[in-house]
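Chains as they are written, first to last, in my numbering: chain P, 1 to 380; chain H, 381 to 761. Glycine residues also receive a C-beta, built at the ideal position from the N, C-alpha and C atoms. On a predicted model such as this, the values are computed, not experimentally measured, just so you know. Read the structure below first, then the notes.
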Amino acid sequence: MRPLEGVLVLEFAQFMAGPSAGLKLADLGARVIKIERPGSGEAGRGIALKNLFLDGSSLVFHTANRNKDSYAANLKDPEDLERVKKLIAQADVMTHNFRPGVMDKIGLDYNTVQEINPKMVYATVTGYGTEGPWAKKPGQDLLVQSMSGFANLSGDRDEDPVPVGAALSDIITGTHLAHGILASLLKREKTNKGSLVEVSLLESTLDFQFEVITTYLNDGNQKPVRAKQGNAHAYLGAPYGVYKTKDGYISLAMGSLLTLGEVLKCDALAVYTDSDSWFTKRDEIMDILRSFLIEKTTDEWLAILEPAGIWCSDVYDYKKLLDHEAYKVLQMDQRLQLLSGEEVHTTRCPIRVNDERLFASKPAPRVGQHTEDIIKEFNL
Amino acid sequence: MKPLEDILIIDLSQFLSAPSATLRLADLGARVIKVERPETGDICRQLYVSNVILNGESSVFRAINRNKESFQADLKNEIDKQRVLKLVEKADVLIHNFRPGVIERLGFDYDTIKKINPSIVYGDISGYGSEGPWKSKPGQDLLVQSLSGLTWLNGIDGSGPTPVGLAVVDILSGAHLVQGILAALLKKAKTGEGSKVSVSMLESILDFQFESITTFYHDGGAPTVRPKSNSAHAYLGAPYGVYKTQNGYLALAMGAIPFLGELLGCNELTNYPEPASWFTERDAIKKALADHLATDTTEKWLSILEPADIWCANIMDWDTLFAQDGFKVLDMIQKVTMGDGFEYETTRCPIKIDGEYLTSTLGSPILGEHTNSIVKELIES
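In structure tokens, the structure reads:
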């Protein structure tokens, strides 16, 4: 039995942050029903990477919405709305990411829903919270990475700001949404009452930076300075970073620079006896390492460093990783069959329960694929 | 009432991955007892960033371990071990992030713990799982980023691998552990049954890349190609990226290219009516956009783009952000106080429940600060 079996989630949320939370809940055993507008469905169906689509929806949509059902409803239509309200009366959780005010107009705001179902855990995602000058500003991943200071942390010193090339703010926010929902469900076991859970992309992306923001708040507000080349962390000293070798790259994590110098037989490092200098003279030290590490291949260096317990690794791309035995043994992928006959080849939930991997039982739904069944099942 | 009140967590973990999980659980209301070895404690106490020392220890440790108690114990010492096992008997959750094999030698593996406390939720984080050729490799953030393919998603084509400049793997694996633990606690509340929840850093950062790995599975395994300039995503077309302006930077997310061209007065963009070309021709489009946006200020462009509902933003550093009303209204910074009276500022939990922020004034503990009180309260009683 999966831990969340018996939990019913209604997902009004679109795009990535809310649906990524719904996906985790589904993989952990909850039943997740997407409430989608008839016809086009949720907006995320149209947003594609590399123009890739399957069965009329983007591959991204299939990735984030596997293991869910779809119920089509026009929330502006009174009959549809009544049915959705009946469904709400029987659900445990609902999520949405409408801009502040939209659910009030529809008549599914928290207070109204509480009257229908006092046990509902009602969870929302916004871009920047519900108050203040940004409350109505579009909450989008790249914009929030940019506004939150985060884009100043990756990449080399002279580069432009470097955002992370994945939906970092969305995904982090989704994890927090799931935390709030699950904690509230747990509280409900004791109180028998629902809760309102609110997260925002901005707050979540700031929380993600909590270590370095705490440092900034207590070091006299010094701006982060990225390493000149091979930067992997603006706040960490040498050798932390990525270095070119004769045939590729090698990453070196934190550790004693003096030990590293001995193991590598890189005598130039021996002068840095004061560990403070590993940060204050980071660029100089990284230059020395860079000119030294280019002389041998990655494998040659790993053969020297790994047995000595130095924290280091090769740098892989997807092909190299996915062909590697260490990836295969994880059984991280799964294949799901669509109604169209096409197949989605994707990853699985990263959490294991009682040593078992959690695979999905079904692919992402077509818009309204389960409407009729749900009407019958829940007597709508 | 915070949602996890009455939940007792014994935390044997160190560094960031699992400790970031217990920070979240503490903010949600759980009581977290951090078990630390004598003398050094959690190694993170000495893991300085920017050489910043806060009240004698690392600012990073102070950020991760606020709102927790510290219980000093040497798990290899029989008396100490028995004390910790007494705590485990009373606990709802036990968490560790030792490498595979170590926990068995210490006698805190799930099979042993289950006998003492059958309903416990047992959470662990490893680097690469417990099987396969990498199981004994050090699970460190940058190394896992490097092996996971993530470093090829950021930055521009031709630049080297570009890691995320933060412990993204640690934080995500901690977040996944929290999800698994809370789900297991819910099951425990309903059925009385305990569970083991396991997360690895590698699986967590692969899950994070689920969109691009799924794409890789479907595009014939094509290499990841980053844009030549103005990069923000290897798999998205123009205009998605960061652009230099006369006085700063502008981020542009989505938008129809010809429409953007009209709005901004950049005629070259009207040559790309076909949406598919916004991906296939993104380098040329981005170059044209970049040349044009460099001719005026960020404010000027925002004043044109925002009213037209184009997703765009000013790129800010923390100085700029923290001065904005949109930031101030969030009350994101809280002041916490350590047992010795030392005060410092840090961020709060990002989750709001029933209209309230989850804050706490408790700073991080001094090593072993609560050993005696915990012995009296939970071990001798």
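Give the interface partners of residue i over in chain P, defined as CB-CB distance under 7 Å, in chain order.
{"i": "residue 452 of chain H", "result": "Near residue 452 of chain H there are no residues of chain P at all, since even the closest Cβ is about 24 Å away, more than 7 Å."}
{"i": "residue 555 of chain H", "result": "175"}
{"i": "residue 613 of chain H", "result": "165"}
{"i": "residue 633 of chain H", "result": "140, 142 and 143"}
{"i": "residue 647 of chain H", "result": "The contacting residues do not exist; residue 647 of chain H stays about 25 Å from chain P at best."}
{"i": "residue 443 of chain H", "result": "210, 211 and 214"}
{"i": "residue 520 of chain H", "result": "253 and 311"}
{"i": "residue 474 of chain H", "result": "None at all; the shortest Cβ gap to chain P is about 15 Å."}
Here's a check: name, in chain order, each residue in its chain whose Cβ is nearer than 6 Å to the Cβ of residue i, leaving out the five neighbours to either side.
{"i": "residue 578 of chain H", "result": "504"}
{"i": "residue 91 of chain P", "result": "8 and 10"}
{"i": "residue 714 of chain H", "result": "728 and 739"}
{"i": "residue 157 of chain P", "result": "226 and 228"}
{"i": "residue 296 of chain P", "result": "246"}
{"i": "residue 556 of chain H", "result": "579 and 584"}
For the beta strand (DSSP E) that residue i lies in, which residues bound it at each end?
{"i": "residue 71 of chain P", "result": "69-72"}
{"i": "residue 710 of chain H", "result": "Careful: residue 710 of chain H lies outside any beta strand (DSSP E) and carries neither H nor E."}
{"i": "residue 261 of chain P", "result": "No beta strand (DSSP E) holds residue 261 of chain P; the alpha helix (DSSP H) holding it covers 257-264."}
{"i": "residue 88 of chain P", "result": "Unbroken run through residue 88 of chain P is the alpha helix (DSSP H), 78-90; no beta strand (DSSP E)."}
{"i": "residue 213 of chain P", "result": "Here residue 213 of chain P belongs to no beta strand (DSSP E); instead the alpha helix (DSSP H) covers 210-218."}
{"i": "residue 580 of chain H", "result": "575-580"}
{"i": "residue 8 of chain P", "result": "8-11"}
Going by DSSP in three states, residue i sits in which element: helix, strand or coil?
{"i": "residue 694 of chain H", "result": "strand"}
{"i": "residue 147 of chain P", "result": "helix"}
{"i": "residue 631 of chain H", "result": "strand"}
{"i": "residue 245 of chain P", "result": "coil"}
{"i": "residue 23 of chain P", "result": "helix"}
{"i": "residue 504 of chain H", "result": "strand"}
{"i": "residue 113 of chain P", "result": "helix"}
{"i": "residue 717 of chain H", "result": "strand"}
{"i": "residue 285 of chain P", "result": "helix"}
{"i": "residue 386 of chain H", "result": "coil"}
{"i": "residue 36 of chain P", "result": "strand"}
{"i": "residue 53 of chain P", "result": "strand"}
{"i": "residue 31 of chain P", "result": "strand"}
{"i": "residue 587 of chain H", "result": "helix"}
{"i": "residue 5 of chain P", "result": "coil"}
Identify the continuous alpha helix (DSSP H) that holds residue i and give its terminal residues.
{"i": "residue 553 of chain H", "result": "548-571"}
{"i": "residue 515 of chain H", "result": "No alpha helix (DSSP H) holds residue 515 of chain H; DSSP gives it neither H nor E."}
{"i": "residue 402 of chain H", "result": "397-407"}
{"i": "residue 593 of chain H", "result": "590-598"}
{"i": "residue 64 of chain P", "result": "59-64"}
{"i": "residue 172 of chain P", "result": "168-191"}
{"i": "residue 103 of chain P", "result": "102-106"}
{"i": "residue 277 of chain P", "result": "277-280"}
Tell me which same chain residues have a C-beta within less than 8 Å of the C-beta of residue i, skipping the five on either side of it?
{"i": "residue 645 of chain H", "result": "672"}
{"i": "residue 89 of chain P", "result": "116 and 117"}
Taking C-beta pairs closer than 9 Å, name the residues in chain P that residue i reaches, listed in chain order.
{"i": "residue 577 of chain H", "result": "3, 351, 352, 353 and 354"}
{"i": "residue 516 of chain H", "result": "In chain order: nothing, as chain P lies at least about 10 Å away."}
{"i": "residue 727 of chain H", "result": "203, 206, 207, 209, 210, 213, 214 and 217"}
Spatial neighbours of residue i within its chain, please: CB distance less than 7 Å, with the 5 preceding and 5 following residues excluded, ordered by chain position.
{"i": "residue 731 of chain H", "result": "738"}
{"i": "residue 653 of chain H", "result": "638"}
{"i": "residue 677 of chain H", "result": "625, 626 and 627"}
{"i": "residue 282 of chain P", "result": "227, 237 and 238"}
{"i": "residue 137 of chain P", "result": "127 and 128"}
For a contact meaning CB atoms closer than 8 Å, what does residue i contact in chain P?
{"i": "residue 724 of chain H", "result": "214, 217 and 218"}
{"i": "residue 687 of chain H", "result": "Those do not exist, as residue 687 of chain H stays about 12 Å from chain P at its closest Cβ, beyond 8 Å."}
{"i": "residue 620 of chain H", "result": "142"}
{"i": "residue 463 of chain H", "result": "Within 8 Å Cβ-Cβ: nothing; residue 463 of chain H doesn't reach chain P, min ~28 Å."}
{"i": "residue 705 of chain H", "result": "132 and 133"}
Along chain H, which residues have their Cβ under 8 Å away from the Cβ of residue i?
{"i": "residue 131 of chain P", "result": "709"}
{"i": "residue 189 of chain P", "result": "566, 569 and 570"}
{"i": "residue 276 of chain P", "result": "431"}
{"i": "residue 294 of chain P", "result": "In chain order: nothing, as chain H lies at least about 12 Å away."}
Please compile the residues from chain H whose C-beta is within a distance smaller than 7 Å of the C-beta of residue i.
{"i": "residue 228 of chain P", "result": "Within 7 Å Cβ-Cβ: nothing; residue 228 of chain P doesn't reach chain H, min ~13 Å."}
{"i": "residue 60 of chain P", "result": "591"}
Next item on the list: Could you name each continuous alpha helix (DSSP H) segment of 4 residues or more that falls completely within the segment 291-377 of chain P, going from the start of the chain to the end?
Entry: 298-305, 318-322, 325-328 and 371-377
Next item on the list: Jot down the residue ranges of each uninterrupted alpha helix (DSSP H) in the segment 728-758 of chain H, minimum 4 residues, whole runs only, in chain order.
Entry: 751-754
Note to self: Suppose only complete runs of 4+ residues qualify. What are the alpha helix (DSSP H) ranges in the segment 436-503 of chain H, listed by chain order?
What the structure shows: 439-444, 458-470, 482-486 and 490-496
Check: What are the uninterrupted segments assigned as beta strand (DSSP E) that are 3 or more residues long and contained completely in the segment 631-686 of chain H, given in chain order?
Finding: none
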